[in-house]
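> Take this structure, written in structure tokens, and hold onto it; I'll ask about it next.
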């Protein structure tokens, strides 16, 4: 029997059906090894030797693979056809060699761009060796990401408290988002006017023409700057005669676009279907791995991580055959169409995303797909089939009209178009999103040269310039692709990283940088400018592509990078915090010191008047404070938006007097957020506002409730000891005799009675691990079975949704919708949580035992201390996207 290794269990199940009983197909569940998150995993002083570790979940799956391979005749590595897929195959093979499971067994690597029976069998008939160049490109990328994350992040923690980490590509994507926000902050609106005339032909047909020139001068967008100018032109046109001076009908052709790449698919799915990039890739993965089509499991699309736009010759032939059958010979061009990749630094020569079988029209497979799968398959099929169809033929008519009033004259223009032949647009039916920008599809009435035209009305309309829009996910991916930053397999993870770290938030499908994200971006741009430059990052991606092509040696790239980067780290370590703040004050002035609208200095202190506001760095990040501290204690959070401005304008707010003590109760804005205070001085009672409470809605009653915490609920009927309710570091709670039990909401703290408190305490004592036991939470849905047995479910917890298997719970990242989480995603999250010691399956291993888990060949070498992050903070360093 032959053993075949793929990434996912769904893919394994489909391929096993194609290959039959002589093969055993096993899933690796993605990568089986990674660089351990600690100092010394990449060692520049040892010519970039790397240590790899296997987590507990992967260890179990590798044991199954080792057992199967030991009894097999041949090992076939059939992971995805890109760098990551090649790397997974290499990792699996390395582990099998260390376990002495290979011996003299033949090892083959096969790749297929589609999961269909023909593609799989053809691949099996044409095996090859593991592509060393692709593996070395992966090793170089992984080492670069590690070196940036584990050496730059500690600098951030020392010089920019509150910043979590910085990654090689993620930081450049964050700069794009932040730079766009800076443009919006600096933008000044300008008023302008446009003028249109409603006219009639001698035959009584109406149409509209727009003013393009006045008194011999061609008008630009902003030339009519105010109402006075606009009304003067309107008055002139109201007294003018109109004459059609030229009518030009020009036939044009519109050519179809190429099939989808990863980037263009994500853009189209966002604009036309409203899908987030991660959702698009989840659905595409399902279509690629296989869907049951009337008893037959088949992959419906080719591999969906690609920047290639070409299709295989057999696919072009199949597409042309389907065009003739579905639309007719008139829609089939004489010669097939060829496309070239325009994206900067396009990677391996993969096919574009296309249907595996063009005869499977969207209508024919609709009943086998859910709604989102159908909608995505439909646009993939349409785009791919249209790429080989005839051009659309359009007749575009332009009419130039002269308006004359005595010595004054103006030129107006009317534009219309008529579709003479729909060509490739027939594949879209009614699909206006495919129209190019600026195309005017209005049909003009018959207008003849020298026709005298009748004026019906002249309408000036006021407009204003708009700031550049914030990036959507699709727009950011498009920009990154244009700049040559990132690759198809990394776009989604980059976006997810920015959201998960709260550097950006998604608001109305727009990426809005948060203060901590803008702060980090400004710091990197000010002190590590080279490493967030677009051209530098793109050139590094080019070098990785050169490694893939075997044109340069991978360690040479690492040496060149590390020489300069380590020097920059050393330089920044001597930087004073005052230098950091001076730079950030300048770069983030619109965010930190917004215009108050009254002409006053935005940096003057609103409390004392004599001090200057400046950014300051605290334990939990940046805030704005007065230079006269401690004489003036004015502080506020670093915010953007209306709420932050209101807090700055109002400063502290007196809420009233405590009826019991007569002391003044006020709302204050501190460096760690808003809080309420009763009295003055160091003995004043204070209480922070709970998460979700709006500072602008706090009144005396709410303030007194907070200041009264912790609240006595009553004596426990068995022990006689007091039960109290309060708000702590981990949220609202009740406390009895040293036992804390969490409450569902902040409001419960003020309303919970004795009976309910006793019940909550009893439940906690019976189930001391709380949510960790997971059995008390009702599953929202079941995703399927874990390979080790037992159901995987999605559950709602008091701290957010999570996935559960047995005693392992893994919190869902913000980027994953609990309604749309897939089994594969859940398995990955559970494996990561288990590797970190989540649940109760295994006790944390002692430090020495942990070290032994790393693969022996590399980990026996001592890791040098030079250039490494301090041990006490090394675990915080986040891996690159």
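Numbering (the working numbering), first residue to last: 720 to 1600.
Here a beta-carbon is modelled for each residue, glycine too, at the ideal position from N, C-alpha and C.
In this text the structure is predicted, and so the values were computed from the model without any measurement.
Which of helix, strand or coil does DSSP assign to residue 1000?
Helix, per DSSP.
> Quick check: the region 1237-1244 against the region 1270-1277, are there 3 or more CB pairs under 8 angstroms?
no
> Could you check if residue 853 is buried or exposed, using at least 16 other CB atoms within 10 Å of its CB as the buried criterion?
buried
> For chain D, find out if any of its Cβ atoms is closer than 7 angstroms to the Cβ of residue 1052; answer yes or no.
This model lacks chain D altogether; it includes just one protein chain.
> What does a CB cutoff of less than 8 angstroms around residue 842 pick up in its chain, not counting 5 residues either side in sequence?
Around residue 842: 797, 829, 830 and 831.
> Report yes if the C-beta distance between residue 820 and residue 773 is below 7 angstroms; otherwise report no.
no
> For residue 1570, name the three-state secondary structure that DSSP assigns.
Residue placement at residue 1570 cannot be trusted, given a pLDDT of 39 that sits under 50; what the coordinates show is reported in the next sentence. When secondary structure is reduced to three states using DSSP, residue 1570 falls in the helix class.
> Going by CA-CA distance only, name the one from 1410, 974, 928 and 1072 that's closest to residue 987.
1072
> When the Cα atoms are used, what is the spatial distance from residue 1044 to residue 972?
24 angstroms
> Work out the CA separation of residue 1539 and residue 838 for me, nearest whole Å.
29 angstroms
> Determine whether the beta carbon atoms of residue 1002 and residue 1087 lie at a separation below 7 angstroms.
no
> What does a CB cutoff of less than 7 angstroms around residue 998 pick up in its chain, not counting 5 residues either side in sequence?
1539
> Is residue 1435 a contact residue of the ligand ATP, with contact defined as CB to any heavy atom under 6 angstroms?
The ligand ATP is absent from the structure shown, which contains no ligands of any kind.
> Between residue 1136 and residue 1113, how many whole angstroms is the CB-CB distance? I'm expecting something under 8 angstroms.
5 angstroms
> With a 10 Å radius around its C-beta and 16 neighbouring C-beta atoms as the bar for buried, classify residue 1317 as buried or exposed.
Exposed, since its Cβ has fewer than 16 Cβ neighbours within 10 Å.
> By a C-beta neighbour count over all protein chains shown, 10 Å radius and 16 as the cutoff for buried, is residue 1050 buried or exposed?
buried
> With a 10 Å radius around its C-beta and 16 neighbouring C-beta atoms as the bar for buried, classify residue 1455 as buried or exposed.
buried
> Give a yes or no on contact between the region 928-942 and the region 1099-1117, applying the rule of three or more CB pairs nearer than 8 angstroms.
no
> So for residue 730, helix, strand or coil by DSSP?
helix
> Over the uninterrupted alpha helix (DSSP H) stretch that includes residue 1232, give me the two end residues.
Judged by DSSP secondary structure, residue 1232 falls outside any alpha helix (DSSP H) and instead within the beta strand (DSSP E) spanning 1229-1232.
> For the region 1286-1345, list the alpha helix (DSSP H) runs that are entirely contained and at least 4 residues long, ordered along the chain.
Counting only runs of 4 or more, we get 1296-1306 and 1308-1311.
> Which residues does DSSP pair with residue 937 in a beta bridge?
932
> Kindly indicate which three-state DSSP category residue 1374 falls into: helix, strand or coil?
Shown here, residue 1374 sits in a strand according to DSSP, grouped into three states.
> Do residue 874 and residue 1291 have their CB atoms nearer than 7 angstroms?
yes
> What's the gap between the Cα of residue 1509 and the Cα of residue 1543?
15 angstroms
> Would you kindly check if the distance between the Cβ of residue 926 and the Cβ of residue 1129 is under 7 angstroms?
Contact flag unset, no.
> Pairing CB atoms from the region 1223-1231 with CB atoms from the region 1248-1259, are three or more of them under 8 angstroms?
Result no; under three Cβ-Cβ pairs closer than 8 angstroms.
> Does the beta-carbon distance from residue 1055 to residue 1035 come in below 7 angstroms?
yes
> Suppose contacts are defined by Cβ-Cβ distances below 7 angstroms. Is residue 1385 in contact with residue 1394 by that definition?
no
> With DSSP as the reference, please indicate the residues paired to residue 1503 in a beta bridge.
The partner list for residue 1503 (beta bridge, DSSP) reads 1511.
> In three-state terms, what does DSSP make of residue 737?
If DSSP states are grouped into helix, strand and coil, residue 737 belongs with the helices.
> To the nearest angstrom, report how far apart residue 1127 and residue 961 are at their CA atoms.
12 angstroms
> Can you tell me where the alpha helix (DSSP H) with residue 1087 in it begins and where it stops?
No alpha helix (DSSP H) contains residue 1087, which DSSP labels as neither H nor E.
> To the nearest angstrom, how far is the alpha carbon of residue 937 from that of residue 1122?
14 angstroms
> By the three-class DSSP mapping on this structure, what secondary structure does residue 1069 have?
Of the three classes helix, strand and coil, the one that applies to residue 1069 here is coil, per DSSP.
> Check for me: the beta strand (DSSP E) holding residue 1477 runs from which residue to which?
Looking at the DSSP string, residue 1477 is not in any beta strand (DSSP E); the run it does join, the alpha helix (DSSP H), is 1473-1485.
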